[in-house]
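**Q** First residue of the sequence shown? That's 232 in the numbering used here, and the numbers climb one at a time after it. The structure is given below, and queries will be raised subsequently.
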Amino acid sequence: MHIQEELSQRHVLSLTVSNEAGILARIAGLFTARGYNIDSLTVADITDDHAISRITIVTNGPPKVIDQIIAQLDRLVPVHKVTDLTEAGPFVERELALVKVAGVGEDRIEALRLADVFRAKVVDTTIESFIFEITGTTEKVDNFVGLMRQIGLVEVGRTGVVGLIRGKEAN
232 MHIQEELSQR HVLSLTVSNE AGILARIAGL FTARGYNIDS LTVADITDDH AISRITIVTN
292 GPPKVIDQII AQLDRLVPVH KVTDLTEAGP FVERELALVK VAGVGEDRIE ALRLADVFRA
352 KVVDTTIESF IFEITGTTEK VDNFVGLMRQ IGLVEVGRTG VVGLIRGKEA N
């Protein structure tokens with residue numbers, strides 16, 4: 232007997248929800264109760280009257296699991312719409328990170344050179360350290376952090392992924 236495992240794929244889900252107490256806990260609970268992992272989660276108010284928020288969730292799983300997650304999210308009353316950006320077509324995703332790097336001499340010069348290559352901005356500096364701000368895809372941020380780890384990475388703070396479908400239509 233041969234059991235075939237389905238390939239796990241990364242998916243970016245965009246939800247519009249009523250901005251009410253407990254909705255984030257209910258969504259996180261849905262993932263926890265079923266053993267699904269959340270790789271990244273961001274939430275922001277998106278309307279003038281503060282009635283609607285957008286939640287962006289990055290998760291991994293085979294297509295059947297992703298379909299099940301979307302169906303279960305759709306059933307939650309405060310959820311207005313769930314869009315799998317990965318399946319919806321071309322979309323733009325970005326993440327912001329603050330990266331603190333310590334170093335002197337050549338390490339300091341190399342950190343500045345790499346920051347220039349990655350278009351990271353210096354937002355704070357001391358005699359012995361920098362804090363860089365970098366925005367881009369998760370892969371770009373991961374690559375920058377990996378290179379800075381070799382130079383003298385001290386710590387990293389990341390926002391998580393946000394994404395929107397390309398074009399004039401809303402999600």
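Backbone N, C-alpha and C define an ideal beta-carbon position, used for all residues, glycine too. Predicted model only: the values in this text are computed from it and were never measured.
Measuring CA to CA, which of T247, Q299, I277, I283 is closest to F477?
**A** No answer is possible for residue 477: it lies beyond the span of the chain, which begins at 232 and ends at 402.
**Q** Any contact between the region 378-391 and the region 326-341? By contact I mean 3 or more CB pairs, one from each, below 8 Å.
**A** Result yes; three or more Cβ-Cβ pairs closer than 8 Å.
**Q** I'd like the list of long-range same chain contacts for H404, defined as Cβ closer than 8 Å, with 5 residues on each side in sequence excluded.
**A** Past the boundaries of the shown model lies residue 404; the chain is included only from 232 to 402, so the question cannot be answered.
**Q** Is it true that the CB of L244 sits closer than 8 Å to the CB of I288?
**A** Contact flag set, yes.
**Q** Helix, strand or coil: how does DSSP classify R257 here?
**A** Helix.
**Q** To which residues of the same chain is R241 closer than 6 Å at the C-beta, ignoring the five residues directly before and after it?
**A** So the list reads N291, once near-sequence residues are dropped.
**Q** Of the residues I396, D355, L345, I362, which one's Cα is nearest the Cα of K371?
**A** Checking every option, the nearest Cα to that of K371 belongs to L345.
**Q** For T357, count the other beta carbons within 10 Å of its own beta carbon; 16 or more makes it buried, fewer makes it exposed. Which is it?
**A** Its Cβ having fewer than 16 others within 10 Å, T357 is exposed.
**Q** For the candidate residues I254, I283, D279, whose alpha-carbon lies nearest to that of L304?
**A** The candidate whose alpha carbon is nearest that of L304 is I254.
**Q** Which value, in whole angstroms, describes the spacing of the CA atoms of D279 and I286?
**A** Near 17 Å, if we compare the C-alpha coordinates of I286 and D279.
**Q** Just tell me which of V353, A401, E324, G336 has its CA closest to the CA of V393.
**A** Comparing Cα positions, the closest option is E324.
**Q** Enumerate, from N- to C-terminal direction, the unbroken alpha helix (DSSP H) stretches of 4 or more residues contained entirely within the region 279-311.
**A** Runs found: 294-306.
**Q** My output table needs one value for G377: the three-state DSSP class, helix, strand or coil.
**A** Helix.
**Q** Return helix, strand or coil for T247, following the three-state DSSP convention.
**A** DSSP places T247 in strand when its eight states are reduced to three.
**Q** Considering only the alpha carbon of each residue, which of Y267, I297, T247 lies closest to A275?
**A** If we check each option's Cα against that of A275, T247 comes out closest.
**Q** Quick check on DSSP: helix, strand or coil for R350?
**A** Three-state DSSP puts R350 in coil, outside helix and strand.
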